[in-house]
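What follows is a short report on a single structure.
Numbering (the working numbering), first residue to last: 126 to 214.
If you want it as structure tokens, here you go:
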């Protein structure tokens with residue numbers, strides 16, 4: 126795995142998520158706060174941090190530093206999924 130190319134790919138994915146949030150915020154003001162609410166949920170952050178730590182250790186040993194960026198992205202996505210609330214809330 127090429128480290129700089131891997132980090133660049135993760136940066137592009139994160140930029141796409143931020144642009145998606147910005148576009149949704151322009152359409153419906155206040156929606157960004159709803160989309161990023163997982164960042165204040167302790168259970169979601171714990172799950173994301175645990176995922177980042179486990180994947181980070183395994184990936185760093187196997188693929189090197191470039192894989193750490195993927196571990197952070199995976200942890201953030203796990204936190205987002207753990208925080209999902211039913212549509213009625």
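For every residue, glycine included, the Cβ atom is placed at its ideal position computed from N, Cα and C.
Does the distance from the CB of residue i to the CB of residue j come in under 8 Å?
i: residue 194; j: residue 143; result: no
i: residue 196; j: residue 177; result: yes
i: residue 138; j: residue 198; result: yes
With a CB to CB cut of under 8 Å and the five nearest residues on each side skipped, what residues in its chain are close to residue i?
i: residue 208; result: 162, 163, 166, 168, 169
Grouping DSSP H, G and I as helix and E and B as strand, with all else coil, what is residue i?
i: residue 137; result: helix
i: residue 158; result: helix
i: residue 153; result: coil
i: residue 209; result: coil
Excluding five sequence neighbours on each side, which residues of the same chain lie with their C-beta closer than 6 Å to the C-beta of residue i?
i: residue 146; result: 157, 160
i: residue 131; result: 191
i: residue 149; result: 156
Given residue i, which residues of its chain have a CB within under 7 Å of its CB, disregarding the five upstream and five downstream residues?
i: residue 203; result: 172, 173, 176
Which ranges would you report for the alpha helix (DSSP H) in the stretch 160–195 if only whole runs of at least 4 residues count? 167–188
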